[in-house]
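Colleague: In our numbering, the protein residues as written are 60 to 714.
#1: Grab me the residues of residue 422's own chain with a C-beta within less than 7 Å of its C-beta, minus the 5 sequence neighbours each way, in chain order.
#2: Do the CB positions of residue 656 and residue 682 come within less than 7 Å of each other?
#3: Whose CA, out of 378, 344, 367, 331, lies closest to the CA of residue 356?
#4: Does DSSP classify residue 590 as helix, strand or coil?
#5: For a test of the three-state rule: what should DSSP assign to residue 145, helix, strand or coil?
#6: What do you reckon, are the CB atoms on residue 370 and residue 388 nearer than 7 Å?
#7: Label residue 381 either buried or exposed according to how many other C-beta atoms from any shown protein chain fall within 10 Å of its C-beta, with 16 as the threshold for buried.
#8: Give me the residue from 326, 342, 339, 279 with the minimum Cα distance to residue 311.
#9: Relative to the C-alpha of residue 335, which candidate in 343, 482, 513 has its C-alpha closest?
#10: Assign residue 498 to one of three DSSP states: helix, strand, or coil.
#11: Are the CB atoms of residue 285 and residue 623 nearer to each other than 7 Å?
#12: Which residue marks the beginning of the alpha helix (DSSP H) containing residue 372, and which one marks its end?
#13: Which residues does DSSP list as the beta-bridge partners of residue 405?
#14: Where do the ends of the alpha helix (DSSP H) carrying residue 711 lie?
#15: In this structure, how does DSSP classify residue 562 when only helix, strand and coil are distinguished?
#16: Determine the DSSP secondary structure at residue 486, reduced to helix, strand or coil.
#17: Which value, in whole angstroms, describes the spacing of the CA atoms of residue 201 and residue 182?
#18: So is residue 377 buried or exposed if we call it buried at 16+ other beta carbons inside 10 Å?
#19: With distances taken from CA atoms, which of 590, 542, 573, 579 is nearest residue 621?
#20: How would you write the range of the beta strand (DSSP E) that residue 362 sits in, first residue to last?
#21: According to DSSP, is residue 114 part of a helix, a strand, or is it coil?
#22: Terminal residues of the continuous beta strand (DSSP E) containing residue 321?
#23: Since I believe residue 262 is in contact with residue 282 (beta carbons under 8 Å), could you give me their beta-carbon distance rounded to a whole number of angstroms?
#24: Determine the closest residue to residue 288 out of 204, 346, 307, 415, with distance taken between C-alpha atoms.
#25: Short check: CB of residue 166 to CB of residue 188, under 7 Å?
#26: Measuring alpha carbon to alpha carbon, tell me which residue in 299, 251, 705 is nearest residue 260.
#27: For chain D, is any of its Cβ atoms less than 7 Å away from the one on residue 632?
Pasting the structure below:
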């Protein structure tokens, strides 16, 4: 019997205009540029609405394509399934109550998916069959889950990580192996659990799991007393710590020998090597790939079509780079690059089990991407659809890499988005947009915030300050908790662009989210004469309070981790106050815009409320926007539109 979920879909057969166009042979519609003569007339919504499609995946047979399509009316994702040979699409329609967050094929016919609940997490597990999409079976509707994959020896089963269990006070319950076939047949909403892999008692949580070539859980990166450790599961299902320093060797994948890991190894010079690490005797093999400047510990391993061999690595350099270990794959990449328009980056995002059909996304700094289908045997490359057909690419701004010196002699990278009306040598108003994290980084490519501000005539500078991920140890690892030095780096980058006559020193603003929001208020408080205004979104301004909030919110690992690496605020109060711009609000001379969602589980809303109170107490001009029920990052489209419409008006007034 169809479940209540299927009935809520109203019609499980999905007819989406965009999806129908995916495999159509008709010429593309006229460019939106024909009706949008100037960049400043591109509406706010065009920059911040979700892509028309995302997560394109071929089924293992390569006969069908599944994608998430966005319904602008309900601000929800639907699951569309298309026959490569042609015909109408089918799928599961998204609604306000059924916003599909992620999915994966489990075989040639079945898909499992989760939905977004309360704008926070991917909840539940549902299964649909492409042959009969009216029948959607609910397997789990209460827990926050993630599908990890399938055991090769038990192809009807899937491994499911239960991040937050509704029946266990939101605790992480580890991994369960679910028999999909039996679960589909069983009455009611239930999972037929074949096997459970609980979190070992000697660790407090798991950051990620690693599976071996047979698809079995073999390793985990786990939390222990404010540290990350690697643990191994043996054939008898016993867990034990691995003698490995995760600062030196960061696991990426399991080799054919389950005792061997592929790791990103930091060598004696601080550069990054891809090597094999034997977890039994601690020995390392020769480097398969090396990079002197960039670290690929956050990279993604690329597997062969049948996922039997590791054949490459994708990681961020100046832009995201594909490194292939086999000559045949490198040659294929060259052929693909030569067949697509120059100036973009082309990434294989999905392929069938034989590697004969694959999906390619080609993107650039001025467009989020176009999806192509490549048939390797026929040597045919077919354009399917743009990820954002409403964006007039010709009216968007190019992105340039810049390098700037810091006051203590480092050379750091940043990205400058240059509006179309920019004149070389004429200093222009500039927005500084430091990324969040701070253990994150910006890369060359399409960035909606940068393009929005550039369309309004501002230069946008995104600095990769020290502590940003993806660089060698001197930049990314050694200073990763030196928050004040990160602020200094942002300041040094801004001054370098002023000295180069790119930025107008009389018209500078700083805008950031999360840790970037912290840096925005640092800029206002610690450099009171540099900027004309500041905007902070979901920021943290008091690190003493941050640690106590983590303990109160049951994020004990982050609290212990920060305490281990920054210190104890009870014993080092002066250090924490020096890091925290909240204690220097009386130095702020410029208007500040403060925004936060009231249901933020990452950076507590009280941080922004206390900042607003302090700004008011000190007579600092300010505006505030607190959105009820929003989480970290402003998930709902209507709220993103409201936020950036307010920010645009704020900048017009003060910059």
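A virtual CB, placed ideally from N, CA and C, is assigned to each residue, including glycine.
Modeller: Answer, in terms of the structure:
#1: 403, 404, 428, 504, 505
#2: no
#3: 331
#4: coil
#5: coil
#6: yes
#7: buried
#8: 279
#9: 343
#10: coil
#11: yes
#12: Where residue 372 is concerned, there is no enclosing alpha helix (DSSP H), although the beta strand (DSSP E) it sits in stretches over 369–375.
#13: 421
#14: 696–713
#15: strand
#16: coil
#17: 6 Å
#18: exposed
#19: 542
#20: 359–362
#21: strand
#22: 319–325
#23: 6 Å
#24: 307
#25: no
#26: 299
#27: Here chain D cannot be found, since the structure has a single protein chain.
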